[in-house]
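Participant:
Chains as they are written, first to last, in this note's numbering: chain S, 8 to 276; chain V, 104 to 499.
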């Protein structure tokens with residue numbers, strides 16, 4: 008417990024560095040583009056335009072709902088960009104890691120925070136779209152939103168920490184990651200509403216439902232959609248709480264793995 | 104009198120594993136679970152102990168691969184010791200590869216702030232020092248350009264300016280003074296001198312013996328990852344140079360011949376029989392040469408020569424003279440060569456021995472430049488080359 012306190016303190020002391028690195032990550036992403044940071048607003052606009060056009064023109068009769076789809080994709084993107092950027096967090100900063108000493112955890116943390124900022128910008132666009140298209144936005148549940156975002160950020164940070172360390176020692180991580188993330192995407196209720204998998208699982212036996220919620224993204228997406236588009240799938244807090252808990256466990260494990268591996272980065276790079 | 108110790112290393116050791124090729128993959132890690140791992144281990148540093156006082160400048164010398172850079176990385180905290188410990192008090196700024204931490208896409212200004220904050224300085228402090236950094240680096244017009252457009256000289260200037268201006272307590276300098284133009288090098292040297300005056304601690308790695316001897320209070324001499332000596336800069340530089348000479352002698356050494364008979368051993372020392380390689384110039388030197396003839400050698404000749412460190416022969420002679428001729432060789436035997444002293448200038452020399460047959464052009468066994476010795480010259484006179492008695496007179 009004491010070492011956790013120390014770790015948090017060491018990060019807090021370096022908050023200016025974290026800020027600078029977050030800004031650096033954002034700047035570099037949009038470096039050389041004319042719209043620059045504006046892309047983090049423009050990208051979700053394009054997303055929404057393309058998907059809604061697709062649904063209108065091609066997928067007539069396919070029971071996909073535009074609100075479900077765009078919320079799912081934008082929320083999922085936060086996670087998948089964090090996982091992807093984490094690969095370069097250490098390996099892509101060889102010079103910093105080999106030349107200077109500072110808490111290494113700052114590197115994956117700053118990639119996650121940069122993606123969080125991006126996600127919040129996309130979230131604004133999403134919110135505007137939902138309001139314009141009269142989604143059933145649940146104002147009463149709004150206080151839950153920060154908790155959900157925080158929990159997803161914890162999950163992303165845990166993943167990023169673990170992945171960035173793993174990639175230093177095993178360069179296969181990069182190749183494996185794409186497939187794992189794709190499989191995870193389809194296992195999670197991202198492109199479809201939660202009712203679908205629930206219906207299938209009920210058919211298999213109701214004991215499988217809690218297992219499905221061990222996927223933290225299942226719980227997170229369920230709550231996000233309750234708030235944003237008023238979806239009300241048949242879920243209880245007893246299902247959602249473990250799902251959220253797993254996200255925080257991932258954070259603890261990811262950070263622990265990272266801290267264990269961190270002294271030996273210099274040897275491997 | 105004793106200033107506080109700011110750096111302390113105790114039995115500091117670092118082991119690396121050398122991999123056959125490429126980086127580790129999941130496959131090799133999984134397979135590694137089932138079969139013994141075959142990695143070659145390599146101790147870059149072994150049981151290194153030393154300490155540095157506040158305000159002291161410690162020079163670190165040693166051949167390539169002797170562990171100097173590993174030592175600096177351990178001090179900087181970018182590597183973790185395998186065994187032992189190292190403690191450094193205060194903020195460290197390292198001038199290991201200047202500007203290496205800069206991000207090419209960011210502007211000079213952004214990189215300066217990034218670097219400052221990595222070194223633990225607040226934004227407010229950096230604001231104060233920013234102008235001085237830019238001025239020192241002479242980059243006023245270019246500071247808002249991405250550093251990828253900088254020339255290598257500009258890169259290094261900015262790197263040095265930032266590293267110095269973060270005002271560290273301990274500065275690690277690794278062979279950086281070889282970069283930049285002369286004017287800038289001079290500025291850097293002045294900056295480092297000023298840094299020393301302010302009672303700051305410095306560790307310097309360099310191959311430039313003259314510079315390092317001039318600016319270090321003390322020198323640590325590393326060889327093969329171990330401390331080979333520590334102390335007075337002049338003495339350590341001498342030792343290092345002698346050591347390097349021996350290594351170079353190894354490179355000049357050549358062994359050849361038909362080997363019908365071989366020189367099994369040559370021992371160099373005093374006539375009384377103690378082995379030495381350092382001699383005063385008028386001290387007698389004895390070389391005992393043990394041979395073994397696999398076939399009888401009818402007209403044997405032993406040749407001897409002295410070469411200077413670059414390999415030029417300054418003396419050469421053989422046994423086939425009038426005072427000593429070898430009897431035909433059979434089986435084993437030992438021959439002794441006596442030199443009453445060597446009237447040569449102070450320095451290092453390489454001795455060669457060869458066994459010939461008078462009627463054949465190819466030697467039976469030659470050990471060229473195989474035996475290094477060090478000669479100390481006379482205290483009273485200095486000369487180059489061979490000693491020639493000289494007398495000067497005023498005649499008008």
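Glycine included, every Cβ here is placed at the ideal spot set by N, Cα and C.
Beta strand (DSSP E) containing residue 179/V: first to last residue?
Facilitator: Where residue 179/V is concerned, there is no enclosing beta strand (DSSP E), although the alpha helix (DSSP H) it sits in stretches over 171-179.
Participant: May I have the straight-line CA-CA distance separating residue 138/S from residue 236/S, to the nearest angstrom?
Facilitator: Their Cα atoms are separated by approximately 10 Å.
Participant: Looking at chain S, is there any beta carbon in it that lies within less than 8 Å of the beta carbon of residue 233/V?
Facilitator: Judged by the 8 Å Cβ criterion, residue 233/V is not in contact with chain S.
Participant: With a threshold of 8 Å between beta carbons, is residue 124/S in contact with chain A?
Facilitator: You won't find chain A in this structure, because its protein chains are S and V.
Participant: Once the 5 residues before and after residue 358/V are set aside, which same chain residues still bring their CB inside 6 Å of it?
Facilitator: Here the set comprises 470.
Participant: Going by C-alpha distance, which of 324/V, 457/V, 375/V, 308/V is nearest residue 368/V?
Facilitator: It is 457/V whose Cα lies nearest to the Cα of residue 368/V.
Participant: Along the chain, where does the beta strand (DSSP E) that runs through residue 308/V open and close?
Facilitator: Unbroken beta strand (DSSP E) run through residue 308/V: 304-308.
Participant: Specify the secondary structure class of residue 478/V as computed by DSSP and reduced to three states.
Facilitator: The answer is strand: DSSP assigns residue 478/V an E or B state.
Participant: Is residue 103/S close to chain V, meaning its C-beta is less than 8 Å from at least one C-beta of that chain?
Facilitator: Interface residue, yes.
Participant: State the start and end residues of the unbroken beta strand (DSSP E) segment that holds residue 370/V.
Facilitator: 364-372 is the span of the beta strand (DSSP E), which, as asked, contains residue 370/V.
Participant: Report all residues from its chain with a CB closer than 6 Å to the CB of residue 500/V; omit the five preceding and five following residues, and keep chain order.
Facilitator: Absent from the structure is residue 500/V, since the part of chain V shown begins at 104 and ends at 499.
Participant: I'd like the list of long-range same chain contacts for residue 428/V, defined as Cβ closer than 8 Å, with 5 residues on each side in sequence excluded.
Facilitator: 422, listed in sequence order.
Participant: Mind checking whether residue 459/V and residue 406/V have CB atoms under 8 Å apart?
Facilitator: Yes; because the gap between Cβ atoms is below 8 Å, this pair is in contact.
Participant: Start and end of the beta strand (DSSP E) containing residue 399/V?
Facilitator: Residue 399/V -> beta strand (DSSP E) spans 388-400.
Participant: So residue 151/V and residue 174/V are in contact, right, with Cβ under 8 Å, and what is the actual spacing, rounded?
Facilitator: That belief holds up - the Cβ atoms of residue 151/V and residue 174/V are roughly 7 Å apart, short of 8 Å.
Participant: How would you label residue 187/S, buried or exposed, when you count the other beta carbons within 10 angstroms and need 16 or more for buried?
Facilitator: The residue in question, residue 187/S, is exposed, as its Cβ has fewer than 16 Cβ neighbours within 10 Å.
Participant: Can you tell me the Cα-Cα spacing of residue 447/V and residue 381/V, whole angstroms?
Facilitator: Between residue 447/V and residue 381/V, the C-alpha separation is close to 14 Å.
Participant: According to the neighbour-count rule (16 or more other Cβ atoms, all chains shown, within 10 Å of its Cβ), is residue 87/S buried or exposed?
Facilitator: Per the 10 Å Cβ criterion, buried.
Participant: Could you give the DSSP three-state label for residue 204/S: helix, strand or coil?
Facilitator: It is helical.
Participant: What separation, rounded to the nearest whole angstrom, lies between the Cα atoms of residue 192/S and residue 201/S?
Facilitator: C-alpha separation (whole angstroms): 13 Å.
Participant: The alpha helix (DSSP H) with residue 182/S in it runs from where to where?
Facilitator: Counting along the chain, the alpha helix (DSSP H) containing residue 182/S begins and ends at 180-194.
Participant: Between residue 490/V and chain S, is there a C-beta pair that is closer than 8 Å?
Facilitator: It does not; no Cβ of chain S falls within 8 Å.
Participant: What three-state label does DSSP hand residue 248/V in the structure shown?
Facilitator: Note: residue 248/V maps to coil in three-state DSSP.
Participant: Is residue 73/S helix, strand or coil by DSSP?
Facilitator: Helix, per DSSP.
Participant: Could you check whether the Cβ of residue 92/S sits closer than 8 Å to any Cβ belonging to chain V?
Facilitator: For residue 92/S, the answer is no, since every Cβ of chain V falls outside 8 Å of its Cβ.
Participant: I'd like the list of long-range same chain contacts for residue 104/V, defined as Cβ closer than 8 Å, with 5 residues on each side in sequence excluded.
Facilitator: Residue placement at residue 104/V cannot be trusted, given a pLDDT of 48 that sits under 50; what the coordinates show is reported in the next sentence. Around residue 104/V: no qualifying Cβ.
Participant: So, is the C-beta of residue 217/V closer than 8 Å to a C-beta in chain S?
Facilitator: Yes, contact with chain S.
Participant: How should residue 83/S be labelled, buried or exposed, when 16 other C-beta atoms within 10 angstroms of its C-beta is the threshold for buried?
Facilitator: With 16 or more Cβ atoms within 10 Å of its Cβ, residue 83/S is classed as buried.
Participant: Using 8 Å as the threshold, is the stretch 209-226 of chain S in touch with the stretch 69-78 of chain S, meaning 3 or more CB pairs across them?
Facilitator: With the cut-off at 8 Å, the stretch 209-226 of chain S and the stretch 69-78 of chain S do not touch.
Participant: Measure from the alpha carbon of residue 229/S to the alpha carbon of each residue in 214/S, 17/S, 203/S, then state which is nearest.
Facilitator: Checking every option, the nearest Cα to that of residue 229/S belongs to 203/S.
Participant: Return the CA-CA distance between residue 503/V and residue 167/V, expressed in angstroms with no decimal places.
Facilitator: Here chain V covers residues 104 to 499 and nothing more, so residue 503/V does not appear.
Participant: Under 7 Å between beta-carbons, which chain V residues line up against residue 109/S? List them in chain order, please.
Facilitator: The answer, in chain order, is 221.
Participant: Looking at the unbroken alpha helix (DSSP H) that takes in residue 164/V, where does it start and where does it end?
Facilitator: Segment 160-164 is the beta strand (DSSP E) holding residue 164/V; no alpha helix (DSSP H) there.
Participant: Determine the DSSP secondary structure at residue 438/V, reduced to helix, strand or coil.
Facilitator: Three-state DSSP puts residue 438/V in a strand.
Participant: Going straight from the alpha carbon of residue 263/S to that of residue 92/S, what length do you get?
Facilitator: Taking the straight line joining both Cα atoms gives about 19 Å.
Participant: Please decide whether residue 35/S counts as near chain V, where near means a Cβ-Cβ distance under 8 Å.
Facilitator: Residue 35/S counts as touching chain V.
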